[in-house]
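Protein chains in written order, with our numbering: chain A, 14 to 397; chain B, 14 to 397.
Beta carbons: idealized from backbone N, C-alpha and C, even for Gly.
Just so you know, these numbers come straight off a predicted model, no measurement behind them.
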DNA sequence: TTGAAAGCGCTAACAT
DNA sequence: ATGTTAGCGCTTTCAA
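Okay, here's the thing in structure tokens:
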């Protein structure tokens, strides 16, 4: 007879009783302890089936001190950047049977603090925080050095033991982007910067200035402004700048979202991109390729980066190796249509869409690529 | 003297000893038990500070049987739809101090099964699964009726007690979309359907057929094909259909991703949208508005839907009320540029961008709207 | 108002 | 190869 479905879930004791063995034996079977006779093993498995036993991981965690859980804090869940990144991380964690506790800090330091404390109280085995707004001192204070902490683009290099940082090469990326605009012949290049006080914003501005200096261009503070790193932010700044007498002829944006805002403003007011305004973003969001013109941008490969973060914390948890505290992550310029007058020929556009379709692979929008050809006649089972 | 930072975290016993009271008293203070003298309370709080105590939620869960955690399973984390939806859910859960355990089923029934079992083992207080591929029988078998289960667009109505389904009105949405195309004067309207066997795909096809019937149009199976619901899927089908002799003059797609794929193909081969091909999607992804032309689509308000799911499971957990097993969720047609020849005047386009900027609010891409005006002169702290 | 003790379901010494 | 038993850190009767 099976158990009454409304009763409490079965415990190891129930299994033990049912199988006529001790709890230790049940535990042994479940944890693949080698020294169990096949018969006993079978008996136990049968009992497990019979009483519908499922281990209570809370209890296990209490005694082992491990929750097999990683806490992940992101600044803005609705930013598609993190969808891909978290997916990569989750894939990596799954392989080691770890779960992911997701927290959306919502660009709010207070909320981040709250979550950090919560994750420690929940005894997660590691914490990952993206674009943290807290100082290393505060992070150390809250997290301590008992539990591995991985930051991505933290504002300072990690100080505490057991803390790691992934350093996205924002300076080089911004330099590349700006150089590219200069090479394309643009001369009044504005920079729409991210939130002041965020390091990534600081670094991307620095890269912009480096490129200017390296090519002997003057740096004009009037061509730089910061805003929230969103579509609206870019849109607002574009209007403000493009309506001036001496408008810029190109804009390097802090991120793709801002660049898209600029693109929208240009579309609305009829400013040609890339003819009148060259445009470069940062991140390479999945949607960057879909814009018209497709957005030139600095690619941070999100899915691989997500996998990397997963691998790093897993290593830290297993204490495998911690060679350096700061892990660099390279970026690369993706030249597409928005940044060069000669970039948008008919053929170029066609090649671009084709390569997009090819690249929309595992780590991009949507699922595995469908077959290249299809019979339009094939209809789904009809309904209604 | 503060505790050695390398030692184990402080427990309630440490606090009790430090404060010279019993563990019960500490527990009372932490859980706001009313009958504690202010002095004792203060003493305990001081001790908590002194030993840097943080409650161990694992232990608490073991005894209370509640983990204050909700498991959420989505089919594809890189689909921006879920970024917004999960954000809504998370916001709702946070208000009640619940955490979110995120699982990406990756469109794989096996992986979904694995996660479902895991979540039960982890004793989450509720489970939410989006677009489940499992039958109600299987869901009931794995989850049981002890823990609340909320499905969104499940393949069948829930059978078990304690199970709820949110029913997105796919049929009506598809009908609206198709009717709209008919009203715009299109006559050979194709439907690019979603994966066969998925109810949402079935329902959207049904809505398409309903609209045809209601307006006396013939239903032509040759105008329907199914594919993976991705950009590539849409791209592939568009090529197959548009190269036929008798091509469709409009396409209603299963979702926005497919519609974007169609748009890309049209862009590549020079088919005018909406002139030669009218196009309607489904979902209203954040990026739908950003396309050129902006995509007409059936809006499923993602952030509010996410909040709703959070509220529903919270209600179920707290046993507040469970009036019906099936909660309807309405959709609405968003007419934009891709579906009507008269829809893309200069003024219309301008109004569209403006309303987009206005609507890019709390529940959309990016953060709260920035100030409408800005002084471009304001520069961030210079660097490098 | 506070304390002592039992026990949540599991793992891990230590016996046998 | 299997059983006994003692906790993990907390909440919760039940006494005091």
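With residue i as the anchor, note down where its beta strand (DSSP E) starts and where it stops.
{"i": "residue 143/A", "result": "139-143"}
{"i": "residue 13/B", "result": "Past the boundaries of the shown model lies residue 13/B; chain B is included only from 14 to 397, so the question cannot be answered."}
{"i": "residue 312/B", "result": "309-312"}
{"i": "residue 347/B", "result": "345-347"}
{"i": "residue 249/B", "result": "Looking at the DSSP string, residue 249/B is not in any beta strand (DSSP E); the run it does join, the alpha helix (DSSP H), is 244-255."}
{"i": "residue 168/B", "result": "Run containing residue 168/B: none; DSSP gives neither H nor E here."}
{"i": "residue 202/B", "result": "202-206"}
{"i": "residue 239/A", "result": "237-239"}
So residue i and residue j are supposed to be a Cβ contact under 8 Å. How far apart are they, rounded?
{"i": "residue 93/A", "j": "residue 93/B", "result": "5 Å"}
{"i": "residue 253/A", "j": "residue 206/A", "result": "About 13 Å; that fails the 8 Å criterion."}
{"i": "residue 242/A", "j": "residue 267/A", "result": "5 Å"}
{"i": "residue 170/B", "j": "residue 177/B", "result": "With a Cβ gap of about 10 Å, residue 170/B and residue 177/B do not count as contacting."}
{"i": "residue 322/B", "j": "residue 179/B", "result": "7 Å"}
{"i": "residue 271/B", "j": "residue 288/B", "result": "With 8 Å as the limit, residue 271/B and residue 288/B do not qualify as a contact, their Cβ atoms being about 20 Å apart."}
{"i": "residue 325/B", "j": "residue 344/B", "result": "So it is not a contact: roughly 18 Å between Cβ atoms."}
{"i": "residue 273/A", "j": "residue 303/B", "result": "6 Å"}
{"i": "residue 81/B", "j": "residue 138/B", "result": "6 Å"}
{"i": "residue 113/B", "j": "residue 103/A", "result": "Not quite, the Cβ-Cβ distance comes to about 13 Å (not below 8 Å), so this is no contact."}
{"i": "residue 99/A", "j": "residue 85/A", "result": "7 Å"}
{"i": "residue 101/A", "j": "residue 194/A", "result": "Actually they are not in contact, since the Cβ atoms of residue 101/A and residue 194/A sit about 30 Å apart, beyond 8 Å."}
{"i": "residue 192/B", "j": "residue 224/B", "result": "5 Å"}
{"i": "residue 167/B", "j": "residue 153/B", "result": "Not really, about 11 Å apart at Cβ, beyond 8 Å."}
{"i": "residue 346/B", "j": "residue 190/B", "result": "6 Å"}
{"i": "residue 277/A", "j": "residue 316/A", "result": "Residue 277/A to residue 316/A, Cβ: 27 Å. No contact."}
Residues of chain A with CB closer than 8 Å to the CB of residue i, please, in chain order.
{"i": "residue 103/B", "result": "90, 115, 116 and 117"}
{"i": "residue 71/B", "result": "71, 74, 75, 80, 135 and 136"}
{"i": "residue 452/B", "result": "This structure does not reach residue 452/B, given that chain B is present from 14 up to 397, and the question cannot be answered."}
{"i": "residue 96/B", "result": "90, 91, 92, 93, 95 and 96"}
{"i": "residue 273/B", "result": "303"}
{"i": "residue 339/B", "result": "The contacting residues do not exist; residue 339/B stays about 18 Å from chain A at best."}
Looking at the unbroken alpha helix (DSSP H) that takes in residue i, where does it start and where does it end?
{"i": "residue 194/B", "result": "183-196"}
{"i": "residue 220/B", "result": "212-227"}
{"i": "residue 63/A", "result": "51-64"}
{"i": "residue 155/B", "result": "149-156"}
{"i": "residue 23/A", "result": "Where residue 23/A is concerned, there is no enclosing alpha helix (DSSP H), given that its DSSP letter is neither H nor E."}
{"i": "residue 43/A", "result": "36-43"}
{"i": "residue 128/A", "result": "122-134"}
Please list the partners that residue i has in chain B, where partner means a Cβ-to-Cβ separation under 7 Å.
{"i": "residue 300/A", "result": "300 and 303"}
{"i": "residue 168/A", "result": "Correct list: empty, because the minimum Cβ distance to chain B is about 13 Å."}
Going along chain B in order, which residues have a C-beta closer than 8 Å to the C-beta of residue i?
{"i": "residue 130/A", "result": "67"}
{"i": "residue 363/A", "result": "281"}
{"i": "residue 109/A", "result": "Residues of chain B passing the Cβ test: none, with the nearest at roughly 13 Å."}
{"i": "residue 35/A", "result": "Within chain B, no residue comes near residue 35/A; the closest Cβ sits about 21 Å away, beyond 8 Å."}
Report buried or exposed for residue i, applying the criterion of at least 16 other Cβ atoms within 10 angstroms of its Cβ.
{"i": "residue 227/A", "result": "exposed"}
{"i": "residue 210/B", "result": "exposed"}
{"i": "residue 231/A", "result": "exposed"}
{"i": "residue 261/B", "result": "buried"}
{"i": "residue 397/A", "result": "For residue 397/A, the predicted structure reports a pLDDT of 24, less than 50, and the residue's modelled location is therefore unreliable. The matter cannot be settled from this model."}
{"i": "residue 108/B", "result": "exposed"}
{"i": "residue 69/B", "result": "buried"}
{"i": "residue 299/A", "result": "buried"}
{"i": "residue 296/A", "result": "buried"}
{"i": "residue 50/A", "result": "exposed"}
Counting only Cβ pairs nearer than 7 Å, list the residues of chain A close to residue i.
{"i": "residue 64/B", "result": "Within chain A, no residue comes near residue 64/B; the closest Cβ sits about 13 Å away, beyond 7 Å."}
{"i": "residue 100/B", "result": "90, 91 and 117"}
{"i": "residue 248/B", "result": "370"}
Give the interface partners of residue i over in chain B, defined as CB-CB distance under 9 Å, in chain order.
{"i": "residue 126/A", "result": "The contacting residues do not exist; residue 126/A stays about 13 Å from chain B at best."}
So which residues on chain A does residue i lean against when the C-beta distance must stay under 9 Å?
{"i": "residue 145/B", "result": "Simply none; closest approach about 17 Å."}
{"i": "residue 352/B", "result": "Under the 9 Å cutoff, chain A gives no residues; its nearest Cβ is about 17 Å from residue 352/B."}
Inset, instruction - Would you mind listing the alpha helix (DSSP H) stretches within the region 267-335 of chain B that are 4+ residues and don't spill past its ends, in chain order? - result: For the region 267-335 of chain B, the continuous alpha helix (DSSP H) assignments of 4+ residues that do not extend past its boundaries occur at 269-282 and 315-330, in sequence order.
Legend entry - Complete beta strand (DSSP E) runs within the region 70-115 of chain A (minimum length 3 residues, chain order): Correct list: 82-87.
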